[in-house]
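Residue numbers (this note's numbering), protein chains in the order written: chain L, 1 to 90; chain Y, 1001 to 1375.
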Amino acid sequence: MCLGIPGEVIEILSDRPDLARVDVSGVTRAINIGLVADTGIAPGDWVLIHVGFALSKIDETEAKAAMDFLESIGKAYDDEIAALRESHIL
Amino acid sequence: MRFVDEFRDAEKARALASKIAGLCEPGREYKFMEVCGGHTHTIYKHGLEDYLPEAITLVHGPGCPVCVIPMGRIDDAISIARQPEVLMTSFGDMMRVPGSDGNFFDSNAEGTTIRMVYSPLDSLKIARQNPDRDVVFMAIGFETTTPSTAMTILRAAADGIDNFSIFCNHITIIPAIKAILDSPDLRLDGFIGPGHVSTVIGCHPYEFIAGRYGKPIVVAGFEPLDILQAIYQLMLQLKENRSEVENQYSRVVPWEGNPTALRVINETMQLRPYFEWRGLGFISHSALRIRDEYARFDAELKYHIPGVRVADPKACQCGEVLKGVLKPWECKVFGTACTPETPIGTCMVSPEGACAAYYNFGRFTRTRVREASTR
Ligand code: SF4
């Protein structure tokens, strides 16, 4: 719940511009991008996600580093991804 | 010295550690508090204390929202969940937090429906799908999760969803840090500031720590090198007699925070006069409730809650651990009566709680290594 996990924006939903489809470690889910909308989010951008909301935009290098780190911490990250897998906000 | 759990940048870590050691003044002890549970997790996972000179002690702070939930709030949540139409949701970490009469799993065994969700938006969707149920989301967390709850309230209002409400337990980090600074129990030399909370609140709110209290604070990322780098910056400030707010994690944390997030929080929530924190007691202006304009989404107004203050179990020393006065293993029930499977206290529940982190990874930390080497 407290882990920020990086995800890559795949597409902004055309009927719901506050939502985007993102790829997080191979899991594709819809998340809310309303909190970072003013940074101009586009497909290919990386965001840090907390409980289904993008909280900040990050660059790709940071995203990769954060991902490596999260994978190294094991269970807490696995649990977060498992929870994300269960998430269906649409 | 022996290094446990080598990580990718262990070489760089050693180089940084020797720079840190070079800044230690002979005979002086240094105590730094890492406020955030995420930092505690990294410190134990990678045995970072083993890299540091013995003069430096890391003290674990109150920044794990699951850990500071008082028992009475769990009882209140269960009492709401017992209303016949209610379907309650919360984050997975909450399920095993003990209340005075068991946890959420125990409560479900007796007939309530308390479901784990990943996001408050999942909860809103459950409300949409179950118009005959009253869905209540038990919201917890610091400023990293508060904007999500705020956005969900705004969405529910825009969509006119009326079978949805929030049992709000959001807390704010600054008053807790202030309470620790004012507490006579502990003398700290500086703080490692929380990374993700700061993406929302930015760095300005920490200025009183550096100014009024004269303690340096460095906002840090979560990787081992981030934390060591922050400790280096703290040591350098002390050496140069400075006390400033520095941002080691500027690649993620903007100095100004996230203005949109702050705006939606302010639009939907307001400060409570006071709130109880496990172990720290009542702290003024340290938590949020739903604003009157959105009162129809406030579960505390919709349902009667007992609101009874429940004392922690006698054996539990979470308060001392949360204030940084005791190390996890100094608690009498640590690892015996209290384990992640059967937690007595909250610090054993979340992976970011100091006791759980130490239990999971801490087998070879500095103390143990030292004990082993003197044997
Ligand atoms: S060991 Fe258990 S009871 Fe003791 S401080 Fe840790 S969580 Fe609390």
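Note that beta-carbon positions come from the ideal geometry of N, C-alpha and C, so glycine has one too.
Computed from a predicted model, the values in this text were never measured in an experiment.
Setting aside the 5 residues that flank it on each side, V1197 of chain Y is surrounded in the same chain by F1142, E1143, T1144 and I1173, each with a C-beta closer than 6 Å to its C-beta; the list follows chain order. Not a single C-beta of chain Y is nearer than 8 Å to the C-beta of E60 of chain L. Remark: the C-beta of A1315 of chain Y is in contact range of ligand 1, defined as less than 7 Å to any heavy atom.
Cβ neighbours of L13 of chain L within its own chain (closer than 6 Å, five residues either side excluded): L19.
Excluding the 5 residues flanking it on each side, E1352 of chain Y has same chain C-beta neighbours closer than 7 Å at G1037, G1038, T1040, H1041 and C1064, in chain order. Using a Cβ-Cβ cut-off of 8 Å, G1038 of chain Y counts as an interface residue toward chain L, since at least one Cβ of chain L sits closer than that to its own. Per DSSP, I1080 of chain Y is one residue of the alpha helix (DSSP H) stretching across M1071 to A1081. Annotation note: the stretch 1017-1057 of chain Y contains the following uninterrupted beta strand (DSSP E) runs of length 3 or greater, listed N- to C-terminal: 1030-1036.
Counting only runs of at least 4 residues, the stretch 1123-1208 of chain Y fully encloses the following alpha helix (DSSP H) elements, listed from N- to C-terminal order: 1146-1158, 1173-1182 and 1195-1201. For I1344 of chain Y, the CB falls within less than 7 Å of some heavy atom of ligand 1. Not a single C-beta of chain Y is nearer than 8 Å to the C-beta of D23 of chain L. Taking every protein chain shown into account, the CB of A1127 of chain Y has 16 or more other CB atoms within 10 angstroms, so this residue is buried. Secondary-structure assignment with DSSP links N32 of chain L through a beta bridge to L:L19 and L:F53. For secondary structure counted as the alpha helix (DSSP H) over 4 or more consecutive residues, the stretch 1271-1307 of chain Y holds these complete runs in sequence order: 1299-1302.
In the three-state reduction of the DSSP assignment, F69 of chain L falls in the helix class.
Taking all protein chains shown into account, T61 of chain L has fewer than 16 neighbouring C-beta atoms within 10 Å of its C-beta and is therefore exposed.
Among the CB atoms of chain L, one or more fall inside 8 Å of the CB of E1352 of chain Y. Under the three-state reduction of DSSP, C1347 of chain Y is assigned to helix. Of all residues in the stretch 1064-1088 of chain Y, only C1064, P1065 and V1066 come within less than 9 Å of chain L when Cβ atoms are compared, listed by chain position.
The Cβ-Cβ distance between N1258 of chain Y and L35 of chain L falls below 8 Å. M1116, V1117, Y1118, S1119, P1120, L1121, D1122, L1124 and K1125: these are the residues of the stretch 1115-1138 of chain Y whose beta carbon lies less than 8 Å from some beta carbon of chain L, given in chain order. According to the DSSP secondary-structure assignment, V1325 of chain Y is paired through a beta bridge with no residue. Within the chosen limit of 7 Å, ligand 1 does not reach the beta carbon of P1062 of chain Y with any heavy atom. Between ligand 1 and V1321 of chain Y, a heavy atom-to-CB distance of less than 7 Å is present.
In chain order, Y1118, S1119, P1120, L1121, D1122 and S1148 make up the part of chain Y whose C-beta sits under 8 Å from the C-beta of G52 of chain L. Counting along the chain, the unbroken alpha helix (DSSP H) around S1107 of chain Y starts and ends at F1104 to A1109.
At a cut-off of 8 Å, the C-beta of R1096 of chain Y has no neighbouring C-beta in chain L.
A direct Cα-to-Cα measurement between P1254 of chain Y and A1156 of chain Y gives close to 29 Å.
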